[in-house]
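Trainee: Structure incoming, see below.
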Amino acid sequence: MATPRPVFRELSTDECITLLHRHNVGRMAISHRDRIELVPIHYVYDDGWLYGRTAVGTKIEMVSHNRWVAFEVDEVRDVFDWASVVVKGGLYLLRKDGSAQEKAVYDKGVSLVRTIIPEALTPDDPVPERALLFRIHADELSGRAASPGS
Numbered sequence: 699m700a701t702p703r704p705v706f707r708e709l710s711t712d713e714c715i716t717l718l719h720r721h722n723v724g725r726m727a728i729s730h731r732d733r734i735e736l737v738p739i740h741y742v743y744d745d746g747w748l749y750g751r752t753a754v755g756t757k758i759e760m761v762s763h764n765r766w767v768a769f770e771v772d773e774v775r776d777v778f779d780w781a782s783v784v785v786k787g788g789l790y791l792l793r794k795d796g797s798a799q800e801k802a803v804y805d806k807g808v809s810l811v812r813t814i815i816p817e818a819l820t821p822d823d824p825v826p827e828r829a830l831l832f833r834i835h836a837d838e839l840s841g842r843a844a845s846p847g848s
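Under the numbering used here, the first residue of the sequence shown carries the number 699, and numbering increases by one thereafter.
Following this line, the structure appears as structure tokens:
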């Protein structure tokens, strides 16, 4: 029996947002000079922003030169049964010691990250080295899906 021809389609903005809300792990691509890093990150999507955390290292060094990143999350059920969302935008480190507005954004980031890791940024944090909070603005949001044809 031959494999049926799949059906491909673009996801609506609402479908993209629904998929982002449904998951908490995706992949972030960072570019600097002639290098690209692709790293898994945990995240929370809220009102046009992806919130996450990381440790000091290559990602932060690369973003200090070029804050533009791409982020991807997907659901794969089978080779021709999947959905994928790509977010492109600027990555911003959150500061707890800045202005009142910066502190409020930092506190929001902490609260959101704690919805998936309740011990985040406490003495019981399972990955205390990941103490830097960031958010990525969804300047561009797109998605595609494949489904089995008949």
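Every residue, glycine too, gets a C-beta built ideally from N, C-alpha and C. Since this is a predicted model, take the numbers as computed values, not measurements.
Which of the three DSSP states, helix, strand or coil, is assigned to L789?
Mentor: In the structure shown, L789 sits in a strand (DSSP, three-state: E or B).
Trainee: For a test of the three-state rule: what should DSSP assign to I758, helix, strand or coil?
Mentor: I758: helix per DSSP, three-state reduction.
Trainee: For G847, tell me which candidate among F778, H721, R731 has the shortest Cα-Cα distance.
Mentor: Looking at the Cα atoms, F778 is the closest of the given residues.
Trainee: Counting C-beta neighbours from all protein chains within 10 Å, is the total for I739 16 or more, i.e. buried, or is it exposed?
Mentor: So I739 ends up on the buried side.
Trainee: Could you check how far apart the C-beta atoms of A836 and W747 are, in whole angstroms? I think they sit under 8 angstroms.
Mentor: 7 angstroms between Cβ atoms; contact.
Trainee: Tell me where the beta strand (DSSP E) around H740 begins and ends.
Mentor: H740 -> beta strand (DSSP E) spans 733-744.
Trainee: Whose C-beta lies closer than 7 angstroms to the C-beta of R793 among residues of the same chain, with five residues either side of it excluded?
Mentor: Within the same chain, R793 has close Cβ partners E800, Y804.
Trainee: Could you tell me which residues DSSP puts in a beta bridge with V771?
Mentor: The partner list for V771 (beta bridge, DSSP) reads V783.
Trainee: Can you tell me whether A781 is buried or exposed? The criterion is at least 16 other CB atoms within 10 Å of its CB, across all chains shown.
Mentor: A781 should be labelled buried.
Trainee: Specify, as a first and last residue, the run of the beta strand (DSSP E) that H721 falls within.
Mentor: Counting along the chain, H721 falls outside any beta strand (DSSP E), and DSSP gives it neither H nor E.
Trainee: Can you give me the start and stop residues for the alpha helix (DSSP H) that S809 sits inside?
Mentor: Where S809 is concerned, the enclosing alpha helix (DSSP H) stretches over 798-811.
Trainee: Find the nearest neighbour of G787 within the set Y749, D712, R720, R707, judged by alpha-carbon distance.
Mentor: Of the listed residues, the one whose Cα sits closest to G787 is Y749.
Trainee: Would you check if the distance between the CB atom of V771 and the CB atom of V761 is smaller than 7 angstroms?
Mentor: No. Outside cutoff.
Trainee: Strictly by DSSP, which residues pair up with G905?
Mentor: With the chain covering only 699 through 848, there is no way to say anything about residue 905.
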